[in-house]
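In this note's numbering, the protein residues as written are 8 to 242.
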C-alpha cells in the first residue's frame with residue numbers, strides 16, 4: 008500500500024465514524040425526555056428501549072456478583088483526569104525526548120482534543136443518566152457520550168498502539184488496548200451510563216483519534232517534501 012494514501016484513508020475512517028456518532032446522537036435527541044427518565048416511568052421509546060433492557064440486565068448482574076463493582080471502580084479511577092492527564096503528559100514528554108516528535112504530537116492531540124470533544128457533545132445532548140433504586144454511584148453530569156469510554160480510546164488504546172507499532176511491545180500493547188476497550192462496558196455495569204453512551208464514546212473517540220493521525224501524517228508528509236528528514240515511524 009502506498010504510504011501517501013494512509014492519511015486519506017484515516018481521514019475517510021474519521022468521517023465515517025463521525026457520521027455514525029452524529030447519527031446516534033440524533034437518535035438520542037429524537038427520543039427527547041424519554042432518554043434517561045427514572046426507571047419507574049417505564050421504558051423509553053425507540054433506541055431507548057434497547058438501552059433500558061441492556062442496562063437493566065447489566066445492573067442486575069452487578070447486583071448479583073459482588074466482585075463486579077470493585078473492578079469497575081478500577082476502570083473509573085484509571086479513566087479519570089487525575090490519572091490520565093499526568094500519564095498522557097509523561098508519554099508525550101518521553102516520546103518527544105526520544106525523538107518521536109510526530110508520535111508525541113499525535114498522543115497529545117488525541118488526549119487534549121478528545122476530552123474537549125467529550126465535554127462539548129455532553130453539553131449539547133444533555134442526556135440524563137440512568138436512575139436506579141439501588142445505585143452503586145450517582146453522577147449528575149450529562150451521560151452522552153461516555154467520557155470514560157472515550158478516554159479508553161484516546162488514552163489507553165492510543166498508548167497500546169504506540170507500544171505495538173513504535174516500541175514493538177506486543178503483550179503490553181494488547182493489554183493496554185484491551186483495558187481501554189473494557190473501560191466502556193464497565194460504566195454500564197457500574198450503572199452510570201446507558202449502552203448507547205458507550206457506543207457513542209467509542210465512535211466519537213475513534214473519529215477523533217483517526218482525524219488526529221491523518222492530520223499529523225499530512226503535516227509530516229508536507230514537511231518531508233520540502234525538507235528531507237531522518238526516518239521516523241509513522242503514527
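For glycine and all other residues, C-beta sits at the position ideal for the given N, C-alpha and C.
For residue 219, three-class secondary structure by DSSP:
helix
Please report the distance separating the alpha-carbon of residue 32 from that of residue 56.
16 Å
Contacts around residue 115, its chain only, beta-carbon distance under 8 Å, and the 5 residues preceding and following it disregarded
95, 99
Drop a sphere of 10 angstroms on the beta-carbon of residue 58, count the other beta-carbons inside from all chains shown, and report buried for 16 or more, exposed for fewer.
buried
Quick check: the Cα distance between residue 53 and residue 210, rounded to an integer number of angstroms?
Bear in mind that a pLDDT of 49 at residue 53, under 50, signals an unreliable position, so the number given afterwards is only what the model happens to contain. When rounded, the distance between both Cα atoms is 20 Å.
What does the Cβ neighbour count give for residue 104, buried or exposed, with the cut at 16 atoms within 10 Å?
exposed
Whole alpha helix (DSSP H) runs in the region 79-152 with 4 or more residues, listed along the chain?
88-104, 108-132
Please determine, among 202, 206, 162, 213, the residue with the shortest C-alpha to C-alpha distance to residue 89.
162
Flag this pair as yes or no: are the beta carbons of residue 132 and residue 223 separated by less than 9 Å?
no
Between residue 97 and residue 219, is the Cβ-Cβ spacing less than 9 Å?
no
Burial state of residue 181, where buried means 16 or more other Cβ atoms lie within 10 Å:
exposed
Between which two residues does the alpha helix (DSSP H) holding residue 158 run?
154-158
Consult DSSP for residue 30 and reduce its assignment to one of helix, strand or coil.
helix
Go ahead and label residue 37 buried or exposed: buried means 16 or more other beta carbons lie within 10 angstroms of its beta carbon, across all protein chains shown.
exposed
So residue 198 packs on residue 142, CB below 8 Å; how close in whole Å?
6 Å
List, from N- to C-terminal side, the alpha helix (DSSP H) runs of 4 residues or more that fit wholly inside the region 166-225.
177-196
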